[in-house]
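Single-structure report; data block below.
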Amino acid sequence: MRRLPILGSIIKSAIELRSKIPLDSLRPKAYSAQKRTLKKLLRKASITAFGEHYQFSEILKKKDVVSAFQEKVPIFDYNSIFKKWWYRSINGEPFVCWPGKIKYFALSSGTSESSSKYIPVTNDMLKAIKKTSTRQIFSLAQYNFPKEFYEKGILMLGGSTHLQYNGTYYEGDLSGITGGNIPFWFQYFYKPGKRISKERDWTTKLEEIIKKAPDWDIGVICGVPAWIQILLEKIIERYNLNNIHDIWPNFSIYVHGGVSLTPYTKGFEKLLGHSITYIETYLASEGFIAYQSRPDTNAMELAIDNGLFMEFVPFTEENFDSDNNIKSNAEILSIKDVTEGREYALLVSSCAGAWRYLIGDVIKFTSIKHNEIIITGRTKHFLSLCGEHLSQDNMNRAIQMLEENLNIEVREFAVAGIKYNSMFAHKWYI
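Numbered according to my numbering, the sequence shown spans residues 336 to 765.
Next up, the structure:
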């Protein structure tokens, strides 16, 4: 079988060719790209029920389309957009918030009113995710991996690709939806393969992967840190290894996302024989928002010209109430108005029919020049008993310092706000 070396050589050559083009010439101007993206979204969705209700055709005639859009369309959280619009797509109605019928719904963490969120995933969104994924692959040119690296397997540990059919749509984890829609050429690299990926039981899936581990030459691993760490520990235990590089010597990149890697780093590195490259992605149920595009930074570059229009709400008491719900008079900024070092809640309008949708993540710009951000927490995962706004990022850093100072490993923790004498305190469960 010569397919893998040939494909690897082609991919390496394409990446090298791409690397010869200056990055600044490839990176579009942020606000111009976002305006073009918004116009594309509005044009395509103008024939939907949502687009007709909010008069997208009229918005497109305005000189300042962004301002007209912001004035006409309200901000939605999950409960409001689902109750008013998305429930119709769940029931099989086409052309509600995006042209056509919604085939997939990604299950996400729930709200106080529902155990799971049902986030629409359209064919246009799947195409956008593939496009951003390809861009991330091209960004590997800056890491100077040898040609042979691009011949190695890519292990992706995610949700089952055997999705649940509910009469009018399929539902499942986004990783399961995207895993069932990978490009044909990628199948030669993709592990654990179609059969194992369909398995819905996690214990069975892990066991199947462990059995196959000696047969694979893995170069890249993708997945949520907790599950990846469990898998690697089980493989090391099963085959009595010193570390995972005893069985996968070419394992060089770990692509992670979904949660912060920081609480897992200390335990994860114990499983390695040598250092690897960590690459973070921001692939949410609402779209592929950002990815780490260059070494020597832990920040991610926003995908500003690929089916997502983004707005930014300064995460302050002026814009959010005591329950961290957005206020009706909140200050909303476009990408041209943001500043480095300030925290923002993120609104997205997408090619899957989300419109000015508060996804619940809080981000911070680290580089305006590179359109780079880090995720600092969630709008609902901040502790603010008396205005302290303790972010998830702060908590993760505290745990990291504790691990370093006491030379221990902490895998999970929880923090609660409590009354303490006449004051307040944070109680940590480790």
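Ideal placement from N, C-alpha and C gives every residue a C-beta, glycine not left out. Here the structure is a predicted model, which is why all the values come from computation and not from measurement.
Inset, instruction - Tell whether a beta-carbon distance below 8 Å holds between I556 and L490. - result: yes
Inset, instruction - Please report how far the alpha carbon of T457 lies from the alpha carbon of A760, in whole angstroms. - result: 45 Å
Inset, instruction - Mind checking who A760 pairs with in its DSSP beta bridge? - result: I753
Inset, instruction - Could you check the C-alpha separation between V750 and L737 for me, to the nearest Å? - result: 15 Å
Inset, instruction - Go ahead and label D712 buried or exposed: buried means 16 or more other beta carbons lie within 10 angstroms of its beta carbon, across all protein chains shown. - result: The sequence shown places Gly at residue 712, not Asp. G712 comes out buried.
Legend entry - Sequence-distant residues of its chain with Cβ nearer than 6 Å to V559 (five each side left out): G593
Inset, instruction - Please list, in chain order, all residues of the same chain as S447 whose beta carbon is under 8 Å from its beta carbon, the five residues on each side excluded. - result: With a pLDDT of 48 at S447, under the threshold of 50, the predicted position of this residue should be treated as unreliable, though the coordinate-derived value follows. Counting only Cβ-Cβ distances below 8 Å, and skipping sequence neighbours, we find nothing.
Legend entry - Those residues which DSSP pairs with A680 across a bridge: A680 is bridged by DSSP to V648, V697.
Inset, instruction - Confirm, please, whether the CB-CB distance from L606 to E572 is below 8 Å. - result: no
Inset, instruction - Give the secondary structure of T372 by DSSP, where H, G and I count as helix, E and B as strand, and everything else as coil. - result: helix
Legend entry - Buried versus exposed call for N731 [16 or more other C-beta atoms within 10 Å across all chains shown]: buried
Inset, instruction - Counting only the same chain and skipping the five closest in sequence on each side, list residues whose C-beta sits under 6 Å from that of R629. - result: A distance below 6 Å between beta-carbons, with the five flanking residues on each side excluded, links R629 to the following residues of its chain, in chain order: Q477.
Legend entry - Nearest-angstrom Cβ-Cβ length linking E675 and F700, presumed shorter than 8 Å: 5 Å
Legend entry - Contact check, N585 vs G554, beta carbons under 8 Å: Closer than 8 Å, so yes.
Legend entry - H705 burial status per 10 Å Cβ neighbour count (16 or more: buried): Flag for H705 reads buried.
Inset, instruction - Take D459 and list the residues in its own chain whose beta-carbon comes closer than 6 Å to its own, dropping the five residues that flank it on each side. - result: C686
Inset, instruction - Could you give the DSSP three-state label for F440: helix, strand or coil? - result: strand
Legend entry - Where the beta strand (DSSP E) containing H591 begins and where it ends: Where H591 is concerned, the enclosing beta strand (DSSP E) stretches over 588 to 591.
Inset, instruction - Pull up the DSSP beta-bridge partners for E636, would you. - result: Y626, E707
Legend entry - For Y755 and K466, the rounded distance between their alpha carbons: 51 Å
Legend entry - C-beta atoms of L681 and D658 nearer than 8 Å: no
Legend entry - At least three beta-carbon pairs within less than 8 Å, the stretch 596 to 613 to the stretch 421 to 438: Under the 8 Å Cβ criterion, the stretch 596 to 613 does not count as touching the stretch 421 to 438, having fewer than three qualifying pairs.
Inset, instruction - May I have the straight-line CA-CA distance separating V745 from I611, to the nearest angstrom? - result: 21 Å
Legend entry - 8 Å Cβ shell around K640 - same chain, five flanking residues per side excluded: Before going on, a small fix: residue 640 reads as Asp here, not Lys. Within its own chain, the residues whose Cβ lies closer than 8 Å to the Cβ of D640, once the five positions on either side in sequence are excluded, are P363, A368, Q369, R371, T372, listed in chain order.
Legend entry - E387 - containing alpha helix (DSSP H), residue span: 384 to 388
Inset, instruction - Could you spell out the range, first to last residue, of the alpha helix (DSSP H) harbouring I425? - result: Note, I425: alpha helix (DSSP H), 422 to 425.
Legend entry - Proximity to M645 [Cα-Cα], best of T651, F623, N654, N633: Just measuring C-alpha positions, the residue of T651, F623, N654, N633 sitting nearest M645 is F623.
Inset, instruction - May I ask you to list the residues that DSSP assigns as paired with V456? - result: Y439
Legend entry - Any C-beta of chain D under 8 Å from that of I545: The structure shown contains no chain D, having only a single protein chain.
Inset, instruction - Quick one: residues in its chain with C-beta nearer than 6 Å to the C-beta of K436, no 5 flanking neighbours on either side, listed in chain order? - result: P429
Inset, instruction - Would you tell me roughly how many angstroms separate the C-alpha atoms of L475 and I588, rounded to the nearest one? - result: Straight through space, the alpha carbons of I588 and L475 are spaced by roughly 10 Å.
Inset, instruction - Pick helix, strand or coil for K526, following the three-state DSSP scheme. - result: The DSSP-derived three-state label of K526 is strand.
Inset, instruction - Helix, strand or coil for H716, going by three-state DSSP, please let me know. - result: coil
Inset, instruction - Measure from the alpha carbon of Q390 to the alpha carbon of each residue in K398, V401, V408, S402, then state which is nearest. - result: V408
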